[in-house]
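> Residue numbering for the sequence shown follows the working numbering, beginning at 19 and increasing consecutively. Ideal placement from N, C-alpha and C gives every residue a C-beta, glycine not left out.
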Amino acid sequence: MSNDDLTHENFDFRGFDVPDLKAVTLASSSDGEQSKQPKTKHEDASRNRRHGKKKSKSDARSKKRAGAGKTSESFDDYEDYEEREAVSKADKKASKDRPGLFAPMTLREVTVRNRIWLPPMCTYSSFACDGRPTPFHYQHYVSRAFGGFGMVIVESTAVAPEGRITPCDLGLWEDGQIDAWRWIVDGIREAGAVPAIQLNHAGRKASTGCFAVGYDGQSVPEEAGGWPTMAPSEIAFGGLRTPRALSVDEIHGLVGAFAAAAGRAVAAGFQAIQIHAAHGYLISQFLDPLSNERDDEYGGGLTGRSRFLVEVVDAVRGAVPEGVPVLVRISATDWAAGGWDLDQTIALSKVLKEHGVDVMDVSTGGIMSGVSIPVKPNYQVPFAEQVKSKADIPVTAVGLITKPKQAAKILARGEADAVEIGRAALRDPYWPLRAANKLGIPSTEVPYAPQYVAGAY
């Protein structure tokens with residue numbers, strides 16, 4: 019399996035056991051049940067030959083209908099998802115009233131031109147290690163804005179220097195970094211997209227290596243530019259250095275750091291703020307009982323483990339204008355027995371909605387190494403659909419969404435309010451424009467910049 023199959027957005031699957039991309043659920047990993055293996059095409063063909071059968075189109079349709087209720091997943095809520103190729107008549111009727119990929123979406127006072135968004139994807143390219151973006155970041159983000167994305171969410175940006183995933187992460191921990199962002203934000207807006215930024219603290223997963231500094235997948239030694247890490251509890255992630263446990267006063271200080279960074283982001287011109295509470299970084303570490311063993315107000319049950327995130331949301335909401343949307347990226351499950359799961363995600367999403375969160379960006383994984391994750395097309399979409407329907411909050415869907423019709427079906431089925439195109443956007447900055455052509459949408463209805471109209475599909 020190539021590294022391209024093992025990395026997704028700003029979560030790195032390397033080091034996780036994904037042997038053959040088979041779906042592995044929390045239930046099956048905890049109770050030892052084995053998923054039923056479907057018959058191979060070769061076995062089906064052999065059986066048909068033995069019985070003198072010739073496959074016809076009607077046979078294929080009947081077989082598809084007959085198999086519609088079978089699945090190797092053991093989550094009841096997701097039954098039929100993998101094998102459901104067509105929506106029901108009721109869904110088809112409802113889909114006519116649902117917004118398409120190129121329908122605008124209004125969040126508070128911000129209108130996004132379409133439902134195709136660029137998710138935050140780490141590039142580890144602040145080579146001066148000062149948190150400031152460079153001409154590379156201008157090229158990277160503005161080209162995707164010209165490519166037709168509705169919202170461009172800038173990668174993980176640290177709210178404190180010790181909160182960087184790597185020494186080459188971006189940052190907004192001091193006022194002196196604001197000006198370095200303005201030309202990038204202006205470029206994104208001038209190209210017609212909404213500039214958003216993801217604010218993060220890596221916690222125990224901070225001070226790790228990358229292509230620019232070496233020590234890939236390891237803790238960077240202090241003599242090579244690394245630093246001590248911190249977390250809710252003194253529990254290390256995999257082979258990384260053991261963090262120290264944060265004091266309550268330090269937690270309060272980090273809440274303020276998120277708020278201050280959000281204020282700087284608005285000063286730089288960003289129109290939306292995303293709080294990173296996924297993929298095993300600091301806020302995620304507080305949420306998950308596998309990484310949070312505190313016995314104070316920031317540990318214990320769901321309310322205690324969620325307290326840090328709720329306080330961050332309140333602080334950020336209070337630091338930005340009322341018209342600025344606040345998004346939260348969440349891992350709906352960490353694919354580990356006894357860890358964070360979908361039920362807790364739904365309960366938390368209901369609370370966050372009451373505290374002013376406008377959109378949940380639903381992803382999965384990241385808190386533990388050595389767990390099985392079903393990396394395959396649409397593998398995270400069912401989680402987004404469940405959060406949307408049960409928490410009654412807008413969601414974005416991620417997870418190997420690479421094809422235009424695939425993305426369009428997600429919205430037509432009402433499984434998400436927007437889709438985020440990650441690795442496909444790294445290959446093709448103009449993915450939305452190409453998608454419109456594939457879907458038969460006239461170029462006059464697609465966000466071509468005037469300079470590029472002559473080259474429209």
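Over the uninterrupted beta strand (DSSP E) stretch that includes residue 218, give me the two end residues.
212 to 218 is the span of the beta strand (DSSP E), which, as asked, contains residue 218.
> I'd like the list of long-range same chain contacts for residue 221, defined as Cβ closer than 6 Å, with 5 residues on each side in sequence excluded.
Answer for residue 221: 249, 299, 300 and 303, listed in chain order.
> Looking at residue 131: is its Cβ nearer than 8 Å to the Cβ of residue 376?
Taking 8 Å as the Cβ cut-off, residue 131 and residue 376 do not qualify as a contacting pair.
> Classify residue 427: buried if its beta carbon has 16 or more other beta carbons within 10 angstroms, exposed otherwise.
By the neighbour-count rule (16 or more Cβ atoms within 10 Å), residue 427 is buried.
> From the DSSP output, which residues share a beta bridge with residue 136?
In DSSP, residue 136 forms a bridge with 170.
> Could you check where the beta strand (DSSP E) with residue 295 kicks off and where it finishes?
Counting along the chain, the beta strand (DSSP E) containing residue 295 begins and ends at 290 to 295.
> Using C-beta distances below 7 Å, list every residue in its chain close to residue 306, excluding the 5 sequence neighbours before and after it, in chain order.
For residue 306, where only same-chain residues beyond five positions count, the Cβ hits under 7 Å are 352, 357, 358 and 385.
> Does the distance from the CB of residue 402 to the CB of residue 371 come in under 8 Å?
For residue 402 and residue 371, no; Cβs fall outside 8 Å.
> Quick check on residue 141: buried or exposed, where buried means 16 or more other Cβ atoms within 10 Å of its Cβ?
Residue 141 comes out buried.
> Within the segment 220 to 297, note down every full alpha helix (DSSP H) run reaching 4 residues or more, in order along the chain.
Complete alpha helix (DSSP H) runs here, min 4: 266 to 286.
> Is the Cβ-Cβ distance between residue 361 and residue 282 less than 8 Å?
No, the Cβ-Cβ distance between residue 361 and residue 282 is not below 8 Å.
> Please list the segments of the beta strand (DSSP E) lying wholly inside the segment 348 to 417, counting only runs of 3 or more residues, in order along the chain.
Counting only runs of 3 or more, we get 377 to 381 and 413 to 415.
> Out of 436, 207, 261 and 319, which has the shortest C-alpha to C-alpha gap to residue 286?
Considering only alpha carbons, the answer is 207.
> Could you tell me whether any Cβ in chain B is nearer than 8 Å to the Cβ of residue 156?
The structure shown contains no chain B; it holds only a single protein chain.
> Between residue 152 and residue 440, what straight-line distance do the alpha-carbon atoms span, to the nearest angstrom?
Cα-Cα distance, rounded: 21 Å.
> Looking at the strands, I want to know which residues DSSP matches up with residue 438.
DSSP lists 135 as partners of residue 438.
> Just the Cα atoms here: how many angstroms apart are residue 162 and residue 450?
Roughly 9 Å separates the two Cα atoms.
> If the criterion is Cβ atoms closer than 8 Å, does the pair residue 166 and residue 175 meet it?
Taking 8 Å as the Cβ cut-off, residue 166 and residue 175 do not qualify as a contacting pair.
> In angstroms with no decimal places, state the Cα-to-Cα distance between residue 143 and residue 297.
Spanning the two alpha carbons is a distance of roughly 20 Å.
> Among 368, 135 and 418, which has the Cα closest to the Cα of residue 447?
When only C-alpha atoms are compared, the closest one is 135.
> Counting C-beta neighbours from all protein chains within 10 Å, is the total for residue 349 16 or more, i.e. buried, or is it exposed?
Under this definition residue 349 is a buried residue.
> Would you mind reading off the limits of the alpha helix (DSSP H) that contains residue 327?
Per DSSP, residue 327 belongs to the alpha helix (DSSP H) from 320 to 337.
> Please classify residue 460 as buried or exposed, where buried requires at least 16 other C-beta atoms within 10 Å of its C-beta.
Answer is exposed; the Cβ neighbour count stays below 16.
> Out of 429, 412 and 463, state which residue places its alpha-carbon closest to the alpha-carbon of residue 124.
Selected option, being the one with the closest Cα: 412.
> So, are the CB atoms of residue 438 and residue 414 less than 8 Å apart?
Contact flag set, yes.
> In the DSSP assignment, find the unbroken beta strand (DSSP E) run with residue 457 in it and report its ends.
Segment: none, residue 457 is in no beta strand (DSSP E) and carries neither H nor E.
> On the DSSP bridge assignment, give the partners of residue 7 in chain order.
With the chain represented from 19 up to 475, any question about residue 7 goes unanswered, as that position is not in the structure.
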